[in-house]
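Reviewing the structure listed below.
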Amino acid sequence: MGESVDVVIIGAGASGAAAAWSLSDTRMHIVCLEQGDWPDPSRYPSTGRDWELRAMSDFSFNPNQRRNPGDYPINEDNSPIKIANFNGVGGGTVLYAGHFPRFHPSDFRVRSLDGVGEDWPIDYATLEPFYDENDRIMGVSGLQGDPANPPRPERMKPIPLGRAGAAVARGFNARGWHWWPSDSAVATESHGGRAPCINLGHCLHGCAQGAKASTDITYWPLARRAGVEVRTRCRVREITTNDEGMATGVVYYDGEGVERFLGAEVVILACNGIGTPRLLLNSTSKRFPDGLANSSGLVGRNLMFHPYAYISGRFEETLDGGRGPSNGLWSQEFYETSLDRGFVRGFTFEFSRGQGPVMTALSGLGRGRLPLGAGHHDAYRRLHQKTTGMVAICEDLPELHNRVTLDPDLRDAHGIPAPRIDYTLSDNSRRMLSFAIERATEVLTAAGAVEVHSESPLAIGGWHLMGTARMGRDPATSVVNEWGRSHDVKNLFVIDGSVFVTSAGVNPTSTIQALALYVADAIKSRLANLFD
Amino acid sequence: MTAPLSTLELDDLRALAGAMIPASEAHGVPGADDAEIFAGIARAAGPSAGALRRLTADLGQAPGSLAGMDRTALETRLAQAVGPDIGALYALVLMSYYRDDRVMTALGLEPRPPFPLGHPLEDADPSLLDPVKARAPFWRPAP
Ligand SMILES: Cc1cc2nc3c(=O)[nH]c(=O)nc-3n(C[C@H](O)[C@H](O)[C@H](O)COP(=O)(O)OP(=O)(O)OC[C@H]3O[C@@H](n4cnc5c(N)ncnc54)[C@H](O)[C@@H]3O)c2cc1C
Ligand code: SF4
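Protein chains in written order, with the numbering used here: chain A, 163 to 694; chain B, 457 to 599.
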């Protein structure tokens with residue numbers, strides 16, 4: 163017999179951290195295995211002069227470009243949208259922008275309201291206390307009273323709009339459309355020992371200030387103090403099972419590459435919408451030949467991304483450039499279905515502030531706005547600190563053919579089969595993206611932009627990974643039940659973005675974490691008969 | 457491992473960098489072929505050496521020939537180049553150029569990393585939000 167614990171959590175990202183903290187008050191022996199390392203904020207790009215260069219190399223958000231030891235390759239050739247993630251303690255929250263919207267109540271009833279996708283087995287009211295608890299631990303700034311959303315608890319003061327945010331807000335006002343200072347997982351005041359944001363403008367490549375709520379500095383210190391152990395550089399290869407069909411533990415490679423077994427009473431998967439189906443599909447046995455928890459055949463299917471459009475305008479006035487968090491305001495004018503728009507469901511506009519000097523040059527060149535040679539300097543000065551805009555985050559509907567499978571050839575550094583992504587953009591998404599670009603162009607023009615540029619779908623924007631092990635009451639049409647437990651394996655839980663039934667038109671992390679807290683709570687309240 | 461660029465290849469690269477971003481007295485900035493800036497470009501060239509070698513060979517006749525060309529001819533050659541190799545050159549030159557102290561200062565930026573000093577960001581006029589505050593809640597109730 164090897165080592166054995168009560169609970170093993172695989173993945174130390176957004177959801178793994180939240181669940182670890184919540185479960186820590188049970189005093190069970192909990193170990194979290196994470197394939198990456200602890201991030202070191204003193205080495206984040208914004209601490210050096212080569213910050214924009216490193217944002218495209220060792221701190222790129224595409225793992226195929228970054229190729230750190232904690233990363234695994236992903237075959238994304240057959241997807242117009244490429245994967246963005248971070249593999250290390252904190253997971254994607256180390257690199258995320260910190261937009262922290264919640265789902266709307268209607269997002270849990272998509273089939274009933276609009277006849278598409280599926281309804282969730284839970285509703286907004288069920289998750290609301292967990293959203294509130296998560297906001298408290300992560301630390302959220304924003305403003306109460308948004309007419310587009312149900313009421314929120316008190317939060318830290320909103321991120322300043324700056325000149326760029328004010329320009330975009332004026333554009334929305336001119337059109338008579340909704341906008342609001344966004345909920346953001348960025349501390350604008352001291353919070354839980356973390357210093358407030360000082361507008362480094364580098365949130366997407368790690369916040370050296372510690373103002374942005376990544377779970378390595380929010381949940382993990384609390385969970386570890388309460389006794390949870392995090393083992394880094396430990397990549398899980400497979401979940402093992404016994405003849406009764408229960409999970410018995412995991413096989414993983416430690417930091418030295420040594421294969422180890424860790425037995426566990428409960429296995430919790432928190433590897434995100436790509437890593438989780440990959441691990442389940444890699445966990446085959448005589449009893450589970452198609453992968454673990456896959457009697458429905460849905461493991462890996464219904465992958466949803468949120469197709470993004472990026473729309474930017476060039477202004478005559480000087481704006482913020484690369485200073486300040488990219489978030490600041492959102493608009494949900496077009497969030498709910500209105501069939502006269504030519505598509506179902508909707509999207510959120512999120513402000514995207516501006517760019518640093520190198521990115522201004524690279525994107526100006528890429529868009530044909532920045533000549534080389536004699537005219538270069540004049541043209542550069544027309545762009546420098548003069549562009550701002552927004553992204554449109556479009557709700558992606560679940561479709562069986564959008565999926566994660568195992569690549570027949572590609573393997574990671576430990577020889578474990580790597581994931582392959584097959585994804586096509588639906589006609590509904592295309593129509594939504596076009597509509598969003600037209601509306602954003604109107605906003606930016608009304609705000610004073612003299613030129614507008616758009617990119618759609620945003621190829622780099624595969625940062626929201628959802629739907630590949632969805633929850634539901636019916637084992638034939640879902641992978642886990644309404645409290646996150648696998649229908650097939652009664653001591654296996656999934657708590658990351660894979661369990662999403664539909665994607666909504668907002669960033670997912672506050673919902674992922676609320677779900678993780680809710681599942682952890684369900685586990686705690688059923689400890690006596692958890693496996694019945 | 458790709459071999460590092462030879463002296464002649466570096467001369468070609470420097471000529472291309474100067475043609476891409478020439479010095480400007482009017483804007484008070486050096487060109488990308490300035491000794492200090494080019495030293496940075498040469499230091500960072502390692503990972504793109506293969507692409508740059510192909511590119512300089514493609515655009516010139518023999519190693520070192522681009523260095524002897526006049527600016528206008530170089531600009532014409534650059535304008536005609538397409539494909540990933542030219543992309544590698546652009547990224548390398550722009551990334552090194554736009555972090556030079558003199559260039560940043562001329563743009564009104566402080567030549568320092570963002571951390572630890574950060575930057576100020578203005579608060580906007582709060583009355584901007586008044587029209588939105590006047591709206592009744594419009595989120596859709598769910599069954
Ligand atoms: C650039 C960028 C910007 C983003 N911006 C936003 C935003 O503004 N707002 C928002 O809501 N979301 C944003 N996101 C998305 C957000 O980061 C994710 O939604 C969130 O982190 C997902 O949480 P998770 O728990 O599902 O998985 P993750 O946080 O991805 O954590 C999964 C963890 O599991 C580990 N793991 C995977 N497989 C194994 C294995 N076999 N063995 C051991 N460990 C393993 C990984 O290394 C990783 O650390 C952004 C993401 C990126 C990359
Ligand atoms: S802008 Fe604020 S949150 Fe973003 S990296 Fe800088 S200090 Fe951190």
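Here a beta-carbon is modelled for each residue, glycine too, at the ideal position from N, C-alpha and C. Note that this is a predicted model, so its numbers are computed, not measured.
Inter-residue spacing [alpha-carbon to alpha-carbon] between residue i and residue j
| i | j | result |
| --- | --- | --- |
| residue 494/A | residue 509/A | 7 Å |
| residue 411/A | residue 551/A | 48 Å |
| residue 368/A | residue 479/B | 34 Å |
| residue 384/A | residue 185/A | 11 Å |
| residue 571/A | residue 579/A | 7 Å |
| residue 299/A | residue 514/B | 57 Å |
| residue 307/A | residue 263/A | 14 Å |
| residue 649/A | residue 638/A | 9 Å |
| residue 296/A | residue 484/A | 29 Å |
| residue 594/B | residue 573/B | 41 Å |
| residue 481/A | residue 529/B | 37 Å |
| residue 407/A | residue 448/A | 10 Å |
| residue 278/A | residue 554/A | 21 Å |
| residue 281/A | residue 496/A | 21 Å |
| residue 569/A | residue 446/A | 15 Å |
For residue i, the nearest candidate out of the options (CA to CA)
| i | options | result |
| --- | --- | --- |
| residue 589/A | 547/A, 498/A, 506/A | 506/A |
| residue 291/A | 680/A, 688/A, 693/A, 638/A | 680/A |
| residue 458/B | 502/B, 531/B, 525/B | 502/B |
| residue 323/A | 592/B, 597/B, 578/B, 589/B | 578/B |
| residue 547/B | 477/B, 468/B, 464/B | 477/B |
| residue 320/A | 488/A, 687/A, 535/A, 609/A | 488/A |
| residue 372/A | 517/A, 396/A, 386/A, 347/A | 347/A |
| residue 621/A | 302/A, 587/A, 644/A | 587/A |
| residue 330/A | 516/A, 286/A, 363/A | 516/A |
| residue 463/B | 518/B, 581/B, 538/B, 582/B | 518/B |
| residue 396/A | 189/A, 386/A, 584/A, 413/A | 413/A |
| residue 486/A | 476/A, 513/A, 467/A | 513/A |
| residue 172/A | 603/A, 332/A, 582/A, 441/A | 441/A |
| residue 207/A | 221/A, 443/A, 194/A | 221/A |
| residue 588/B | 492/A, 525/A, 225/A | 492/A |
| residue 211/A | 415/A, 562/A, 364/A | 364/A |
| residue 469/B | 592/B, 504/B, 484/B | 504/B |
| residue 581/A | 196/A, 166/A, 240/A | 240/A |
Cβ-heavy atom distance, residue i to ligand 2, below 8 Å
| i | result |
| --- | --- |
| residue 362/A | yes |
| residue 396/A | no |
| residue 536/B | no |
| residue 487/A | yes |
| residue 433/A | no |
| residue 567/B | no |
| residue 475/A | no |
| residue 312/A | no |
| residue 371/A | yes |
| residue 260/A | yes |
| residue 570/B | yes |
Within chain C, partners of residue i - CB distance below 7 Å
| i | result |
| --- | --- |
| residue 593/B | No chain C appears in this structure, whose protein chains are A and B. |
Ligand 1 heavy atom lying under 8 Å from the CB of residue i
| i | result |
| --- | --- |
| residue 472/A | no |
| residue 678/A | yes |
| residue 232/A | yes |
| residue 670/A | yes |
| residue 170/A | no |
Check: residue i C-beta below 8 Å from any heavy atom of ligand 3
| i | result |
| --- | --- |
| residue 456/A | Ligands displayed in this structure: ligand 1 and ligand 2; ligand 3 is not among them. |
*Counting pairs of Cβ atoms below 8 Å between the region 642-656 of chain A and the region 238-258 of chain A, do you hit three or more?*
No, the region 642-656 of chain A is not in contact with the region 238-258 of chain A.
_Short-range partners of chain A found in the region 534-550 of chain B, where Cβ spacing is below 7 Å_ = Residues 534, 546, 547, 550.
_Validate contact between the region 488-495 of chain B and the region 669-676 of chain A using beta carbons, cut 8 Å, 3 pairs_ = No: fewer than three Cβ pairs fall under 8 Å.
_Measuring CB atoms only, is the region 592-607 of chain A touching the region 462-472 of chain A, in the sense that at least three cross pairs come out at less than 8 Å?_
Yes, they touch.
_Counting beta carbon pairs with one atom in the region 256-273 of chain A and one in the region 553-571 of chain B, are three or more of them shorter than 8 Å?_
The region 553-571 of chain B vs the region 256-273 of chain A: no contact.
*Please determine if the region 388-395 of chain A and the region 188-207 of chain A are in contact, where contact requires at least 3 C-beta pairs separated by less than 8 Å.*
Short answer: they touch.
*Can you list, in chain order, the residues of the region 553-570 of chain B whose Cβ is nearer than 7 Å to any Cβ on chain A?*
Within the region 553-570 of chain B, 554, 555, 560, 563, 565, 569, 570 place their CB atoms closer than 7 Å to a CB of chain A, listed in sequence order.
_Segment contact flag, the region 169-176 of chain A with the region 251-262 of chain A, C-beta cutoff 8 Å, min 3 pairs_ = By the criterion of at least three beta-carbon pairs nearer than 8 Å, the region 169-176 of chain A is in contact with the region 251-262 of chain A.
*Pull out every residue of the region 259-276 of chain A whose Cβ sits closer than 9 Å to any Cβ of chain B, in chain order.*
Residues of the region 259-276 of chain A with a C-beta less than 9 Å from any C-beta of chain B: 266, 267, 268, 269, 270, 271, 274, 275, listed in chain order.
_Using 8 Å as the cut-off, can you tell me whether the region 331-347 of chain A makes contact with the region 216-225 of chain A, which would need three or more C-beta pairs spanning the two stretches below that distance?_
Counting Cβ pairs under 8 Å, fewer than three are found: no touch.
*asked:* Output needed in chain order: residues of the region 461-489 of chain B with a Cβ under 9 Å from some Cβ in chain A.
replied: With the criterion set as a beta carbon lying under 9 Å from some beta carbon of chain A, the members of the region 461-489 of chain B are 475, 476, 477, 478, 480, 482, 483, 485, in sequence order.
*Taking Cβ-Cβ distances below 8 Å as the criterion, which residues of the region 574-589 of chain B are in contact with chain A?*
For the region 574-589 of chain B, residues whose beta-carbon sits nearer than 8 Å to a beta-carbon of chain A comprise 574, 575, 576, 577, 578, 579, 580, 581, 584, 585, 587, 588, 589.
*Which residues, taken in chain order from the region 205-220 of chain A, show a beta carbon closer than 9 Å to some beta carbon of chain B?*
Of all residues in the region 205-220 of chain A, only 206, 207, 208, 209, 210, 211, 212, 213, 214, 215, 218, 219 come within less than 9 Å of chain B when Cβ atoms are compared, listed by chain position.
_Given 8 Å, three or more beta-carbon pairs between the region 451-471 of chain A and the region 622-631 of chain A_ = Segments in contact, yes.
*Could you run through the region 503-534 of chain B and flag, in chain order, every residue whose CB is less than 7 Å away from some CB of chain A?*
Listed by position along the chain: 531, 534.
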